[in-house]
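Enquirer:
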Amino acid sequence: MKKIYEEITKKKSKTFYYSTLFFPKEIKKKVFLLYAFLRTTDDLIDQKKT
13 MKKIYEEITK KKSKTFYYST LFFPKEIKKK VFLLYAFLRT TDDLIDQKKT
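Position in the sequence shown (from 1) plus 12 gives the number in the numbering used here.
Here you go:
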């Protein structure tokens, strides 16, 4: 079962997501988590601007 942070990465940046599939498992998990946090934060800030 995929974690929510992996799903966010896959949904929001397909090209980046597919490039991370070549990463070692432990690094990939951390990258997905970091990307999901930063992307969600960015989306929230962008929503506040409108």
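By construction, the Cβ of each residue, glycine as well, lies at the ideal position given by its N, Cα and C atoms. What you are looking at is a predicted structure, and each value in this text was computed from that prediction instead of being measured.
According to DSSP, is PHE44 part of a helix, a strand, or is it coil?
Expert: The residue given as residue 44 occupies position 32 in the sequence shown. Looking at PHE44 - three-state DSSP - the assignment turns out to be helix.
Enquirer: Excluding sequence positions up to five away, which residues of its chain have a Cβ less than 6 Å from the Cβ of THR32?
Expert: Counting from 1 along the sequence shown, the entry for residue 32 is found at position 20. Cβ neighbours of THR32 beyond the five flanking positions: LYS40, VAL43.
Enquirer: Contact defined as beta carbons within less than 8 Å: I believe LYS22 pairs with TYR29. What is the distance between those atoms, to the nearest angstrom?
Expert: The residue labelled residue 22 in the question sits at position 10 within the sequence shown. The residue labelled residue 29 in the question sits at position 17 within the sequence shown. Correct: roughly 4 Å between the Cβ atoms.
Enquirer: By DSSP, does LYS33 sit in helix, in strand, or in coil?
Expert: To locate residue 33, count along the sequence shown from 1; it is residue 21. Sequence check: residue 33 is Leu here, not Lys. Three-state DSSP puts LEU33 in coil, outside helix and strand.
Enquirer: Within a Cβ cutoff of 6 Å, which residues of the same chain sit near TYR47, ignoring the five residues on either side of it in sequence?
Expert: Within the sequence shown, the letter at position 35 stands for residue 47. Excluding positions up to five away in sequence, the list reads THR21.
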